[in-house]
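The structure under discussion appears below in the form of structure tokens.
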Amino acid sequence: MKVFLTGGAGYIGTHVLNELLGRGWQACVFDNFSNSTPAALDRVRALAGRDFDVVEGDITDHGGLCAALSAFRPDAVIHLAGLKAVGESVRDPLLYYRNNVYGAMTLLQAMQDTGVARIVFSSSATVYGIPLYIPYDEVHPLAPVNPYGRTKFFIEEIIRDWIAAGNGQSAVLLRYFNPVGAHDSGRIGEDPTGIPDNLMPFVSQVAVGRRSVLDVFGDDYETRDGTGERDYIHVVDLARAHLDALSHAVGHEGCDVFNIGTGRGATVLELVHMFERVTGREIPYRIAPRRDGDIPIMRADPTRAHEVLGWRAERQLDEMCRTAWKWQSDNPEGYR
């Protein structure tokens, strides 16, 4: 299979790319490197022992997308490119609507113009909003509470309308929960620019000495220890889900949606203490005010992915912490 991978140089993208290559599929990475680096792609080449195409470009550039799609002629697109920081989306919502929503519309138009009919989209559990019940299943009402989540919701709806227009297209929407960890080799992992927006790289940077203390945002939630609870999923398990979704998309028309999580929750402090146990490193932390747009508890019901895709998360929280630490300790300055 030939797969066009937007955002393929990013954290999730490099792990998906490595899995694609490991299965013997061909890939073309389309990335503007605004939050990533070509050095990550060099690491994937070395890991996989295979080459792939790379096009530097922006998902809001219709002409650039059409040229790249026409040259590569993919069987399917995996759309990972986009901005993803909840706090930043609250501060600058128009940036998120322009990049994420307009970018996705531009990609779909380019796919339609070049005859590409299959897409796997990286959506997010943030589309659910405040839970009416836990765990979330795919029919839980959608009511995102921050601009980032709303961009994912709008893109899902746009894809559904594109599919409903009916030209034999196929789409799979993957609602990620909280990806963490890194490749077992320690060669690729999460390397955020600036202050991390996600918990695990922040914990890892404190452990390696790049930062002095971890900010824990809120300790007054209705959870086991007052800190927010999340469904953390190993990034390699998440990457495998994309390949299973692609195989599903090839065999059906229409739009389908799946939660990609473990079904197990861990609070912020539970993750911190697990990290300390598996690494032997103490993580100093301080309690900070809640962040705008954060939700107390998010946990997936992944039953549908088990039953339809045959996909199941295999890795536990200790392995997520262990591989995240291997990545950070082997690469204290990330890809730099």
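Remember, my numbering sits 801 above the position in the sequence shown when you count from 1. Note that the Cβ used here is the ideal one computed from N, Cα and C, for glycine as well. These numbers come from a predicted model, not from an experiment.
Check, Outcome
"Residue of R1087, A872, S971, P1103 minimising C-alpha distance to I920", "S971"
"Separation of P894 from L909, as counted between CA atoms", "22 Å"
"Assigned secondary structure, V940 (DSSP; H/G/I helix, E/B strand, else coil)", "coil"
"Nearest-angstrom Cα separation, counted from S1130 out to S1013", "16 Å"
"Chain-order list of residues whose beta-carbon lies under 6 Å from that of G987 (same chain, five-residue window excluded)", "K1127, W1128, D1131"
"Per-residue burial, S925 [other beta carbons within 10 Å of its own, 16 or more giving buried]", "buried"
"Per-residue burial, V1052 [other beta carbons within 10 Å of its own, 16 or more giving buried]", "The question names Val, but residue 1052 is Gly in the sequence shown. Its Cβ having fewer than 16 others within 10 Å, G1052 is exposed."
"Pairwise C-alpha distance: E1083 and V928", "35 Å"
"Within 9 Å, strictly: CB atoms of V845 and L870", "no"
"Environment of Y1033 [buried if 16+ CB atoms lie within 10 Å]", "buried"
"Contact under 9 Å by Cβ, L975 with A1046", "yes"
"Nearest to S890 (by Cα), restricted to the options P948, I931, V1009", "P948"
"Heavy atom of the ligand FMN within 8 Å of E820 beta-carbon", "As far as ligands go, the structure on display features none, and thus does not contain the ligand FMN."
"Per DSSP, the bridge partner or partners of D1038", "Per DSSP, none; premise fails for D1038."
"Proximity below 9 Å, CB of G1071 to CB of D998", "Reading off the sequence, residue 1071 comes out as Glu, not Gly. No, the Cβ-Cβ distance between E1071 and D998 is not below 9 Å."
"Beta-carbon contacts of L1110 that lie in its chain and below 6 Å, excluding the five residues immediately before and after", "D1045, H1049"
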